[in-house]
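Undergrad:
In our numbering, the protein residues as written are 329 to 564.
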């Protein structure tokens, strides 16, 4: 941590704490999250609050949920202690592991250690240039990771069309130069047709979406991103 000067028009120059936050991978992030949930952690300062929100966002971004609190990472509380103290305490009491309404520190630590982190979805990584193209085709100029799953599928289909359609005609890149026979023009065309239901809001389209499970949608996202990356590389 370093200390730098910040300027406020009302109070002049003041010292501002400049924090650096680094985690190596998901395993380290989960370990850090458990540390933040320990009963003696203080959230009155900014550093632990920042850690809590950044770790929650990072784990959510790479597809993790906490089995016991499935909505937490997607929607962390305004005050971290509402979860680390309040929700954890209430869950322990609900399980009957309290001592006449008192929740011992040792019980809290055991509960936190047993939280189950599950990775529900793993998306293919994309670089900034492709993410910028998603922003450009999105009706609301959203970055890819800020889209819902259905929106991701719609915009993947839109981006594939945007990349391939030139002067009213579709290009047919030589996919075999990168993908051998695993991706072809027929495969891309078939994928685009399957994704039509996510691009439209008719009753039939919405009904068709319901035929796909979350696992199938996750596969479609990964596969679609792979197609996008291949097309982007071939047309660069």
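Ideal placement from N, C-alpha and C gives every residue a C-beta, glycine not left out.
Every value quoted in this text rests on a predicted model; they were computed, and no experiment measured them.
Using only alpha-carbon positions, find the residue among 535, 518, 534 that is nearest to residue 548.
TA: The residue with the shortest Cα to Cα distance from residue 548 is 518.
Undergrad: Taking 8 Å as the threshold (C-beta atoms), are residue 482 and residue 527 in contact?
TA: It is a contact, given that the beta carbons lie within the stated cut-off.
Undergrad: Using a threshold of 8 Å, state whether the C-beta atoms of residue 393 and residue 382 are closer than that.
TA: No, they are not a contact pair.
Undergrad: Could you have a look at residue 361 and say whether DSSP puts it in helix, strand or coil?
TA: Looking at residue 361 - three-state DSSP - the assignment turns out to be helix.
Undergrad: Shortest alpha-carbon distance to residue 389 belongs to which of 353, 415, 434, 363?
TA: Ranking the options by Cα distance to residue 389, first place goes to 353.
Undergrad: Report the rounded CA-to-CA distance for residue 477 versus residue 533, giving the unit in angstroms.
TA: Each residue's Cα considered, the two are about 15 Å apart.
Undergrad: Pull the bridge partners of residue 377 from the DSSP assignment, please.
TA: None; residue 377 has no bridge partner.
Undergrad: Assuming contact is defined by CB atoms lying nearer than 8 Å, are residue 416 and residue 436 in contact in what I supplied?
TA: Result yes, Cβ atoms of residue 416 and residue 436 sit closer than 8 Å.
Undergrad: Please list, in chain order, all residues of the same chain as residue 447 whose beta carbon is under 6 Å from its beta carbon, the five residues on each side excluded.
TA: Counting only Cβ-Cβ distances below 6 Å, and skipping sequence neighbours, we find 391, 392.
Undergrad: Could you tell me which whole beta strand (DSSP E) segments of length 3 or greater appear in the region 412 to 451?
TA: Fully enclosed beta strand (DSSP E) runs of 3 or longer: 445 to 447.
Undergrad: Please determine, among 490, 361, 498, 372, the residue with the shortest C-alpha to C-alpha distance to residue 379.
TA: Among 490, 361, 498, 372, the Cα nearest to that of residue 379 belongs to 361.
Undergrad: Considering residue 559, what are the terminal residues of the alpha helix (DSSP H) in which it resides?
TA: 542 to 563 is the span of the alpha helix (DSSP H), which, as asked, contains residue 559.
Undergrad: Do residue 488 and residue 557 come within 8 Å of each other at the CB atom, strictly closer than that value?
TA: The answer is no: Cβ separation not under 8 Å.
Undergrad: Below 7 Å CB to CB, which residues in the same chain sit around residue 357 once its five sequence neighbours on both sides are set aside?
TA: If we look at residue 357 and ignore the five residues flanking it on each side, its Cβ neighbours are 351, 383, 386, 387.
Undergrad: Suppose you measure from the CA of residue 465 to the CA of residue 373; what does that come to, to the nearest Å?
TA: Residue 465 and residue 373: Cα-Cα distance of roughly 40 Å.
Undergrad: Could you say which of 551, 522, 395 lies nearest to residue 537 if we only look at CA atoms?
TA: If we check each option's Cα against that of residue 537, 522 comes out closest.
Undergrad: Is residue 392 helix, strand or coil by DSSP?
TA: Of the three classes helix, strand and coil, the one that applies to residue 392 here is strand, per DSSP.
Undergrad: Would you decide whether residue 553 is buried or exposed? Buried here means 16 or more other CB atoms lie within 10 Å of its CB.
TA: With 16 or more other Cβ atoms within 10 Å, it is buried.
Undergrad: Out of 444, 503, 364, which has the shortest C-alpha to C-alpha gap to residue 411?
TA: Among 444, 503, 364, the Cα nearest to that of residue 411 is on 364.
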